[in-house]
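Those protein sequence lines, which keep their order, are chains A and B. 5 is the number of the first residue of the first sequence in the working numbering; add one for each residue after it. 27 is the number of the first residue of the second sequence in the working numbering; add one for each residue after it. Idealized CB from N, CA, C, for every residue including glycine. Here the structure is a predicted model, which is why all the values come from computation and not from measurement. Below is one structure, written out as structure tokens; comments come after it.
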Amino acid sequence: MTGKTPLEFYAEPLPDVDISELQGKLIVIEGPDGVGRTTQIERLRVWLEQSGHAVLDTGMARSALAGKGIQRAKEGNTFGPITMTLFYATDFADRLENEILPALRAGFVVITDRYIFSLIARAVARGEDRNWIEKVAGFALVPHAVFYLHAEVKDLVARVVAGRGAFDYWESGMDYGFGKDKYESFLRYQARVIRALDQMAKKHEFRTIDASRPPDKVFADLQRAISKIVPAASKRKPVRPAAASARRARRPG
Amino acid sequence: MPSPAFAPNRYRGKLIVVEGIDGSGKSTQLSLLSQWLRSQGFAVAFSEWNSSPLVRATTRRGKKKEMFTPNTFSLIHATDFADRMEGYIFPLMKAGAVVCADRYAYTAFARDVVRGVSRSWVRNLYRFAIRPNLAFYFRVPLEVAIGRILGGRDAIKYYEAGMDLELSRNVVESFRLFQGRILEEYDAMAQEMGFHVIDATGSIEEQQELMREIVMKEIGDSLHNHVLRIPEGTPNDR
């Protein structure tokens, strides 16, 4: 499978975007908190760059416009579920329009740590209307591939404890009060997020990878699948000068 | 009744909103109305467009650096609105207050569509909003509104003038064109949304009298029977 070429929007094409200009590849890594997305993405980036691909990696709450605002709001612990969903949607839109699209125009491989699916899953887990948020996110591009790192809640617990040493307020869904304490709330909240992601797997053609296995095995699966999506170095056209401009187009911090 | 899929008002409280282009006089009228409601002993609260403390810094950043696209402009205002809904309006409505909102989702329906966002998308975006009990639209000819704006205040800002639409390089001209298009959107949705249209060229007193009549006619009974009342002697100046 080579993924969808050319790219398309789900429902609401953004004005002034010429789909045929988007030469790059859009690859999504999805999965719940603590499943190991960040580690895998870092390794994928190194591997792809060593193979001669220009890579943009981006992820939730990293936009120039809304990243800081979301951080501040999280610190205040005063986020309603609709507000949170829309703040993250704003963040996503800013990154899509100002980072992802320019990078795709320039022929980059874009790897995004989470996509609209996490946004939808978190909203659904908090009892918001799935249909509402799916329509809101309709301006997103259909990616070339969505890799869903799948694990059960019990696997996440072990990783969170080992990796972070504590349960995070938001990762535990404490804002919604799913349980008496962070551990109980984490179990219930993450189970709901996983269920919501599972429900999207078929419709959105997720490629599910069992992430309860050792990271090397997960990486090998990702590598194998991604090498079929990004053109092999030998078959690629010479690097075009446009490739450099996407980096410059990225706004600082 | 209004067609967009707003959430029905299941609360004791009542929601009254005013809409119209800049310079239509809607804020003055809402202020007079809320004072009158307070004087009758009702617990009245007030909510303004674009005023959530949670989102303020982000909006300011985007405006200052001119970072917004039509899409992100629309989304950040919806985020602001959601925060006021969840943090302020829902609880007040539950408590039984009369909430007076200066601009509501309709402002986004008009402005964002002028900026190129699709009508159906932005209407869905605000589906979580409570359907107002009363929505007043202050209709004013463009030139009258422009005259009021230019006569009485500071320089028009970049996004206010719709400069991002590149309609004109001249701020005043851009503002005129932008507001003109917004006016058309308001007019086009007036029936769909069930607006009570007020002729905003009339005297302030006439408009206010009409507003009060409509309030009593439409929701007078429930005001007197259901909403929260302030115990006598309690200050209620918020």
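By the three-class DSSP mapping on this structure, what secondary structure does residue i have?
{"i": "E199 of chain B", "result": "helix"}
{"i": "Y92 of chain A", "result": "helix"}
{"i": "K40 of chain B", "result": "strand"}
{"i": "D61 of chain A", "result": "strand"}
{"i": "H154 of chain A", "result": "strand"}
{"i": "L145 of chain A", "result": "strand"}
{"i": "I47 of chain B", "result": "coil"}
{"i": "S67 of chain A", "result": "coil"}
{"i": "V113 of chain A", "result": "strand"}
{"i": "V125 of chain B", "result": "strand"}
{"i": "S73 of chain B", "result": "strand"}
{"i": "R47 of chain A", "result": "helix"}
{"i": "V32 of chain A", "result": "strand"}
{"i": "P28 of chain B", "result": "Low confidence applies to P28 of chain B: its pLDDT is 43, below 50, so where it sits in the model is not reliable, and the reading given next is rough at best. It is coil, neither helix nor strand."}
{"i": "I102 of chain B", "result": "helix"}
{"i": "R118 of chain A", "result": "coil"}
{"i": "E12 of chain A", "result": "strand"}
{"i": "F68 of chain B", "result": "strand"}
{"i": "I256 of chain B", "result": "coil"}
{"i": "P245 of chain A", "result": "Because the pLDDT of P245 of chain A is 48, which lies under 50, any placement of that residue in the model is unreliable, and the number read from its coordinates should be weighed accordingly. DSSP places P245 of chain A in coil when its eight states are reduced to three."}
{"i": "V223 of chain B", "result": "strand"}
{"i": "A216 of chain B", "result": "coil"}
{"i": "A107 of chain A", "result": "helix"}
{"i": "A33 of chain B", "result": "strand"}
{"i": "T95 of chain B", "result": "coil"}
{"i": "S231 of chain A", "result": "helix"}
{"i": "L118 of chain B", "result": "helix"}
{"i": "P19 of chain A", "result": "coil"}
{"i": "M242 of chain B", "result": "helix"}
{"i": "A170 of chain A", "result": "coil"}
Would you please state the rounded distance, in angstroms, between the beta carbons of residue i and residue j? I believe it to be under 8 Å.
{"i": "S100 of chain B", "j": "D138 of chain B", "result": "4 Å"}
{"i": "V125 of chain B", "j": "V253 of chain B", "result": "Contact flag wrong, Cβ pair sits at about 10 Å."}
{"i": "F151 of chain A", "j": "A229 of chain A", "result": "7 Å"}
{"i": "K139 of chain A", "j": "N76 of chain B", "result": "About 23 Å; that fails the 8 Å criterion."}
{"i": "V70 of chain B", "j": "S60 of chain B", "result": "5 Å"}
{"i": "H148 of chain A", "j": "I233 of chain A", "result": "5 Å"}
{"i": "G46 of chain B", "j": "R174 of chain B", "result": "About 11 Å separates the two Cβ atoms, so there is no contact after all."}
{"i": "A77 of chain A", "j": "V113 of chain A", "result": "That pair is no contact at about 31 Å."}
{"i": "F190 of chain A", "j": "E209 of chain A", "result": "Not confirmed; about 29 Å, so no contact."}
{"i": "A127 of chain B", "j": "Y163 of chain B", "result": "The Cβ separation is near 13 Å, so there is no contact."}
{"i": "D117 of chain A", "j": "M64 of chain A", "result": "7 Å"}
{"i": "T98 of chain B", "j": "T87 of chain A", "result": "So it is not a contact: roughly 16 Å between Cβ atoms."}
Below 7 Å CB to CB, which residues in the same chain sit around residue i once its five sequence neighbours on both sides are set aside?
{"i": "Y114 of chain B", "result": "S73"}
{"i": "I245 of chain B", "result": "K40, N159, L160"}
{"i": "V39 of chain A", "result": "L153, A155, L160, A215"}
{"i": "P34 of chain B", "result": "R157"}
{"i": "G142 of chain B", "result": "P96"}
Near residue i, which residues of its chain fall below 6 Å by C-beta distance, leaving aside the five closest residues on each side in sequence?
{"i": "A125 of chain A", "result": "V197, A200, L201"}
{"i": "P79 of chain B", "result": "none"}
{"i": "Y127 of chain A", "result": "Strictly speaking, residue 127 of chain A in this sequence is Ala, with Tyr absent from that position. Excluding residues within five positions, the ones whose Cβ falls inside 6 Å are T89, I137."}
{"i": "M189 of chain B", "result": "S200"}
{"i": "A259 of chain A", "result": "In this structure chain A extends from 5 to 257, so residue 259 of chain A is not present and cannot be described."}
{"i": "L18 of chain A", "result": "F143"}
{"i": "G257 of chain A", "result": "The pLDDT assigned to G257 of chain A is 37, lower than 50, so where the model puts this residue is not dependable, and the model offers no usable value."}
{"i": "I42 of chain B", "result": "C126, L160"}
{"i": "G183 of chain A", "result": "S189, R192"}
{"i": "F116 of chain B", "result": "none"}
Under 8 Å Cβ to Cβ from residue i, same chain only, skipping five residues before and after it: list those, please.
{"i": "L168 of chain B", "result": "I47, R202, Q205, G206, L209"}
{"i": "E231 of chain B", "result": "none"}
{"i": "V140 of chain B", "result": "G188, L191, F204, R207, I208, E211"}
{"i": "E258 of chain B", "result": "G67"}
{"i": "E132 of chain A", "result": "P85, I86, T89"}
Runs of alpha helix (DSSP H) wholly within the stretch 137-173 of chain B (minimum 4 residues, chain order): 145-151
Note to self: At a CB distance below 9 Å, what residues from the stretch 112-133 of chain B approach chain A? Give them in sequence order.
What the structure shows: So the close ones are E112, G113, F116.
Q.
Any C-beta of chain A within less than 8 Å: which residues of the stretch 99-113 of chain B qualify?
A. L101, I102, A104, T105, A108, D109, M111, E112, G113
### Message
What are the residues in the stretch 148-166 of chain B lying within 7 Å of chain A by C-beta distance?
### Response
N150, L151, R153, F154
Check your understanding: Which residues, in chain order, does the stretch 73-89 of chain A contribute to contact with chain B at a C-beta distance below 9 Å?
Key -> G73, I74, R76, A77, G80, T82, F83, G84, P85, I86, T87, M88, T89
### Task
Compile a chain-ordered list of the residues in the stretch 214-232 of chain B whose CB is closer than 9 Å to at least one CB of chain A.
Listed by position along the chain: nothing, the set is empty.
What ranges does the alpha helix (DSSP H) occupy inside the stretch 183-228 of chain A, keeping only unbroken runs of at least 4 residues that lie completely in it? 186-205
Short-range partners of chain B found in the stretch 8-25 of chain A, where Cβ spacing is below 7 Å: E16, L18, P19
* Asked: According to a CB-to-CB cut-off of less than 9 Å, which residues of the stretch 122-147 of chain A neighbour chain B?
  -> E132, D133, N135, W136, K139, V140, G142, F143
Check: Relative to chain B, which residues along the stretch 161-173 of chain A have a C-beta separation below 7 Å, given in chain order?
Finding: Within the stretch 161-173 of chain A, no residue qualifies.
By the 9 Å beta-carbon criterion, what residues does the stretch 237-254 of chain B contribute toward chain A? Within the stretch 237-254 of chain B, no residue qualifies.
| What residues in the stretch 101-121 of chain A have a beta carbon less than 8 Å from any beta carbon of chain E? | Given the protein chain composition of this structure (A and B), no chain E is represented.
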